[in-house]
Amino acid sequence: MTEPTNPQLQPMPEDWQRALAVVAHPDDLEYGCSAAVAAWTDAGREVAYVLATRGEAGIDTVAPDECGPLREREQRASAAVVGVPVVEFLDHRDGVVEYGPALRRDIAAAIRRHRPELVITLNHRDTWGGVAWNTPDHVAVGRATLDAAGDAGNRWIFPELSAQGLQPWNGVRWVAVAGSATPTHAVDASAGLERAVGSLLEHRAYIEALTDEEPEAYVRNFLTGVAKSVGERFGGRPAVAFELFSR
């Protein structure tokens, strides 16, 4: 029997309390999954954000030493809109993040600090599914996050973390990848979509440099369009999609 080309997406697991989202740049989560984050925080779950960079190379017309603090402020305001009080930055250099032990160690340390059951990251593959090329930072951070979820539980990998008081955490049960071309699960975005729009709009300086379109129209059209498209595989409800890996 032939498998359907676009099978229905399954609901994300709900038997967890703490999540940690690890991405490369300010705005990565807002383009990818903040409607889901809003739904989770509304339900009383704890979500924290860790960003590898401050996005300082992201606006051509703003020098990095000015851009980094600006985008950090926008990211903190953006996270607050969807109920996320904790935003941390690892201070890797924007645009040239390198996959390797240093990045894995920093992310493993964050996982040990926050002790999540669910870890969220962004598409770690070379493309967005087709000819749209992904950025090296997304690839490096996404791949390192998948690996660090295991590193965090092994006391013999990065033993210096234990010496710093960060004891192994083997409690990561899933890693959910937003922006995947091969999603498996989804979260109903109905209740969180308006806050997702508000959250992305907090990145106003970045958006105004990115497009000539009026910012709210641009943000609303993008997020509602994606949520509606995902919803075609989730019972017709607007949704946020993830590719879910179990540990």
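For the sequence shown, counting from 1, position 6 maps to 6 in UniProt numbering; every step adds exactly one. Heads up, the beta-carbon is just placed ideally off N, CA and C, and yes, glycines get one too. This one's a predicted model, so the numbers in the text were calculated from it and none came from an experiment.
Pair within 9 Å by beta-carbon distance, residue i and residue j
i	j	result
Trp40	Trp174	no
Gly32	Asp94	no
Ala108	Phe158	yes
Val187	Val240	yes
His203	Glu30	yes
Asp60	Ala209	yes
Cys103	Val141	Note on identity: in this sequence residue 103 is Leu, with Cys being the wrong assignment. Yes, Cβ-Cβ distance for Leu103 and Val141 is below 9 Å.
Val37	Leu118	no
Tyr206	Pro11	no
residue 290	Leu244	An answer regarding residue 290 cannot be provided, because it is not within the stretch 1 to 247 covered by the chain.
Gly130	Ala181	yes
Gly114	Val87	The identity of residue 114 in the sequence shown is His, whereas the question assumes Gly. No.
Val183	Phe89	Going by the sequence as given, residue 183 is Pro instead of Val. No, these two residues do not count as a Cβ contact at 9 Å.
Arg45	Ala19	yes
Asp126	Val96	no
Asp42	Arg105	no
Residue i, enclosing alpha helix (DSSP H) - first and last residue
i	result
residue 267	Because the chain is modelled from 1 through 247, residue 267 falls outside the range shown and cannot be assessed.
Leu193	Leu193 to Leu201
Asp28	Asp28 to Gly32
Leu103	Pro101 to His114
Asn154	Neither: Asn154 is in no alpha helix (DSSP H) and is coded neither H nor E.
Gln75	Pro64 to Val81
Thr224	Pro215 to Gly231
Ala205	Arg204 to Leu210
Glu56	Here Glu56 belongs to no alpha helix (DSSP H), and DSSP marks it neither H nor E.
Ser190	Here Ser190 belongs to no alpha helix (DSSP H), and DSSP marks it neither H nor E.
Leu166	Here Leu166 belongs to no alpha helix (DSSP H), and DSSP marks it neither H nor E.
Which residues DSSP lists as bridging residue i, in chain order
i	result
Trp133	Thr127
Val175	Val119 and Phe245
His185	Gln10 and Phe242
Residue i: first and last residue of the uninterrupted beta strand (DSSP E) it sits in
i	result
Phe89	Val86 to Phe89
Tyr49	Glu46 to Leu51
Val22	Arg18 to Val23
Cβ-Cβ separation, residue j to residue i (assumed contact under 8 Å), whole Å
i	j	result
Gly192	Ala35	4 Å
Gly153	Asn134	Going by Cβ atoms, the distance from Gly153 to Asn134 rounds to 28 Å, so no, they are not a contact pair.
Phe234	Leu9	5 Å
Ala149	Arg247	6 Å
Trp128	Gly58	In fact, because the Cβ distance is near 18 Å, the residues do not count as touching under 8 Å.
Tyr218	Thr211	5 Å
Leu161	Arg112	6 Å
Lys228	Pro215	Incorrect: roughly 20 Å between the Cβ atoms, too far for contact.
>> Whether or not the stretch 46 to 63 and the stretch 75 to 85 are in contact is what I'm after, with contact meaning three or more pairs of Cβ atoms, one per stretch, closer than 8 Å; do they touch?
In response: yes
>> Quick check: the stretch 138 to 149 against the stretch 109 to 123, are at least 3 beta-carbon pairs closer than 8 Å?
In response: Yes, since at least three Cβ pairs between the stretch 109 to 123 and the stretch 138 to 149 fall closer than 8 Å, the two stretches touch.
>> Between the stretch 80 to 89 and the stretch 196 to 207, can you find at least three pairs of beta-carbon atoms closer than 8 Å?
In response: Judged by Cβ distances under 8 Å, the stretch 196 to 207 makes contact with the stretch 80 to 89, as three or more pairs qualify.
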